[in-house]
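Each residue of the sequence shown is one higher than the one before, counting from 1 in full-length UniProt numbering.
Heads up, the beta-carbon is just placed ideally off N, CA and C, and yes, glycines get one too.
Step one of this worksheet: look at the structure below.
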Amino acid sequence: MKINHIEVSNFRKYKAARFSFHPEFTVLIGNNASGKTTILDAIALLLNTYFQGSGLTTGGGTLKKDDARYIHTRKEEQDFLEPQSPVWLKGVAALAGETCEWVREMGDRGGKAKAFTAYGALEREGVAKGQSPSLPMLLYYGAGRLWDLHRDNKMDTTGSQLGAYRYCLDPKSDQYSFIKWFIKLTMTELQRKTPVPALRAVERAVLQCAPGAKSFYYDVGSETILIELKKEGLVRFSDLSDGYRNMVAMIADIAHRCARLNPQMGENVTFETKGIILIDELDLHLHPKWQRRVVPDLRKTFPNIQFITTSHSPFIIQSMNPGEIIDLDNILADEQPQSVPEGIASPAPSMSFSAKSIEDIVENVMDVPLPQRSQRYQEMHDVAVKYYQLLEQGQNAEGAEVLRLKDELDALSAPFSDNVAYHAFLEMERAAAGLGRSRGEDE
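Following this line, the structure appears as structure tokens:
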């Protein structure tokens, strides 16, 4: 299963837009509030249609009133927010070599999504009959996955393969399911004295993606999950740094869900399982070294998964191939704060980032001026230029004009009084121009 594109109408900030996705990896970039997470939420809502009628607890939702786009109007000094309609989402995906289209509307019951719903029902029916269909992995990891955990920490007790879909489309983290599953299979392996391929698949996935990891397992003696690192040695999973623990937990969760969903694939389950995984803020709490390698690691470990993610990291942008970046800032321009006008957003097919320096990406792609200099350094430079301009004006100034210039000079130099050398230099230049010293220096 691969999603080709989606269309949205009056969904949150988007008036009407179409987004196309690379079949392997797409990274959405843009400023905060540019609509990156909104696109992931739209995809998750569309994918949840796959489970319609299943009774599974996926955590996915349906279109609600709050999803409607609102526009602001002011009439006779009264402010109003008016919901816009119609609100709908359309998905186009490749399923088993064929193209499937479906639509979700506010308050509908899936009447325009029968083909996609039937596809999911058919595969679940196969599992119920004891068959082994290749089930798609559908997952959504939100930006709050490190701390926004499900309070429901009970493992799915039905024992069904389909339990792998538990909370799969809820952005909240569900680490408890993985931990309980991991412990259960470890104990099963010890009791039966027979290797469990699913455990090897999870361990291999973690070792492929976690820098410096040598082993990953549940230790019966200490009753905790341990990871062995080249430099640090054995470390409890709970003692890892936020970024490291977050990424290891996500990799292990993906792998364990694949192993449970498609047990017939054995140790190759992470390589063979297909599906779509959404990740908001892929670089969340990651060290820049890991940001640079996280995308290649995910490709290598889950080669048949389509990843659609968001990021603010220039290192991740640098690791992408042509056609895998959607820059929302440069494709869709805001019409007003609550609305993005009609437009089409597709990855730029000819734009390559791998040969660009981090400075080039930060400046030319992410629109951060002069990344080689700190913000404070740039402010100091701009102040110095303005300062000299005012000093030149003061050479011929008299009376009230001199006082005005002194006030401006005080305001310019005050924020940098902690930089003794810089502040002293400005004071010397000011005194030489005959404009005295700043008020703080005169006292």
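Inter-residue spacing [alpha-carbon to alpha-carbon] between residue i and residue j
i, j, result
"Ala118", "Thr273", "20 Å"
"Ala213", "Leu298", "15 Å"
"Leu46", "Gly221", "45 Å"
"Tyr70", "Gln78", "16 Å"
"Asn321", "Thr26", "9 Å"
"Leu199", "Leu63", "38 Å"
"residue 496", "Val248", "Residue 496 cannot be examined here, being either before or after the span of the chain that is shown, 1 to 443."
"Gly91", "Thr310", "19 Å"
"Cys100", "Ile183", "39 Å"
"Asp219", "Glu24", "36 Å"
"Glu342", "Asn246", "For Glu342, the pLDDT reaches just 45, beneath the cut-off of 50, and the residue's location in the model is therefore unreliable, although a value from the coordinates is still provided. Each residue's alpha carbon lies about 37 Å from the other."
"Gln291", "Asp66", "34 Å"
"Cys168", "Pro263", "18 Å"
"Ala94", "Lys231", "44 Å"
"Phe178", "Lys112", "35 Å"
"Asn48", "Asp327", "26 Å"
"Pro83", "Ala205", "45 Å"
"Leu35", "Asp253", "Contrary to the premise, residue 35 reads as Gly rather than Leu in this sequence. Roughly 27 Å separates the two Cα atoms."
"Leu190", "Val196", "10 Å"
"Arg293", "Val127", "36 Å"
"Ile279", "Thr73", "35 Å"
"Thr38", "Arg192", "47 Å"
"Tyr140", "Ile277", "6 Å"
"Asn31", "Asn330", "10 Å"
"Ala201", "Leu81", "51 Å"
"Glu123", "Leu89", "24 Å"
"Ser54", "Glu203", "31 Å"
"Phe315", "Ile251", "20 Å"
"Pro296", "Gly266", "23 Å"
"Phe228", "Pro211", "Residue 228 is actually Glu in this sequence, not Phe. Cα-Cα distance, rounded: 11 Å."
"Ala17", "Asp170", "24 Å"
Among the options, the one whose alpha carbon lies nearest that of residue i
i, options, result
"Thr57", "Gly163, Asn304, Val206", "Gly163"
"Arg257", "Phe116, Trp88, Pro136", "Pro136"
"Leu138", "Ala252, Ala16, Ala44", "Ala44"
"Phe21", "Phe11, Lys15, His5, Arg12", "His5"
"Glu105", "Ser132, Val8, Lys13", "Val8"
"Ser160", "Ser132, Gly323, Lys112", "Ser132"
"Ala143", "Lys172, Arg124, Tyr14, Tyr165", "Lys172"
"Gly130", "Ala115, Ile251, Leu261", "Leu261"
"Lys289", "Gln175, Lys300, Ser313", "Ser313"
"Gln208", "Gln175, Leu81, Ala255", "Ala255"
"Lys2", "Ser85, Ile308, Ile316, Ile325", "Ile308"
"Ser85", "Glu123, Lys15, Asn31", "Lys15"
"Gly120", "Met250, Asn31, Tyr50", "Tyr50"
"Arg166", "Leu89, Leu40, Gly60, Gly107", "Gly60"
"Trp102", "Ala42, Tyr176, Ser54, Ala68", "Ala42"
"residue 475", "Ile225, Ala68, Pro211, Ser134", "The question about residue 475 has no answer, for the chain in this structure spans 1 to 443."
"Val87", "Leu185, Lys13, Leu40", "Lys13"
"Phe52", "Phe19, Phe116, Arg18, Gly107", "It is worth fixing the name first, because residue 52 is Gln in this sequence and not Phe. Nearest C-alpha to Gln52: Phe116."
Cβ neighbour criterion (16 or more within 10 Å) applied to residue i
i, result
"Thr194", "exposed"
"Gln318", "buried"
"Phe237", "buried"
"Asn268", "exposed"
"Phe216", "buried"
"Thr188", "exposed"
"Leu234", "exposed"
"Glu76", "exposed"
"Phe11", "buried"
"Arg109", "exposed"
"Glu324", "buried"
"Lys114", "exposed"
"Leu28", "buried"
"residue 446", "In this structure the chain extends from 1 to 443, so residue 446 is not present and cannot be described."
"Ala33", "exposed"
Residue(s) in a DSSP beta bridge with residue i
i, result
"Cys100", "Ala93"
"Ala33", "Bridge partners of Ala33: none, in fact."
"Pro83", "Tyr70"
"His312", "Looking at the DSSP assignment, His312 forms no beta bridge with any residue, so it has no partner."
"Gly233", "Leu229"
"Met137", "Gly275"
"Phe307", "Phe25, Ile277"
"Ala213", "Leu229"
"Glu105", "Trp88"
"Lys75", "Gln78"
"Ile326", "Leu28"
"Tyr218", "Ile225"
"Lys2", "Ala94"
Distance cut-off 7 Å: residue i Cβ against heavy atoms of the ligand PLP
i, result
"Ser313", "Here there are no bound small molecules, and the ligand PLP is not part of this structure."
Within-8 Å CB hit, residue i to chain B
i, result
"Leu261", "Absent from the structure: chain B. Only one protein chain is present."
The stretch 302-309 touching the stretch 259-276, judged by at least three CB pairs closer than 8 Å:
yes
Between the stretch 231-247 and the stretch 274-288, can you find at least three pairs of beta-carbon atoms closer than 8 Å?
yes
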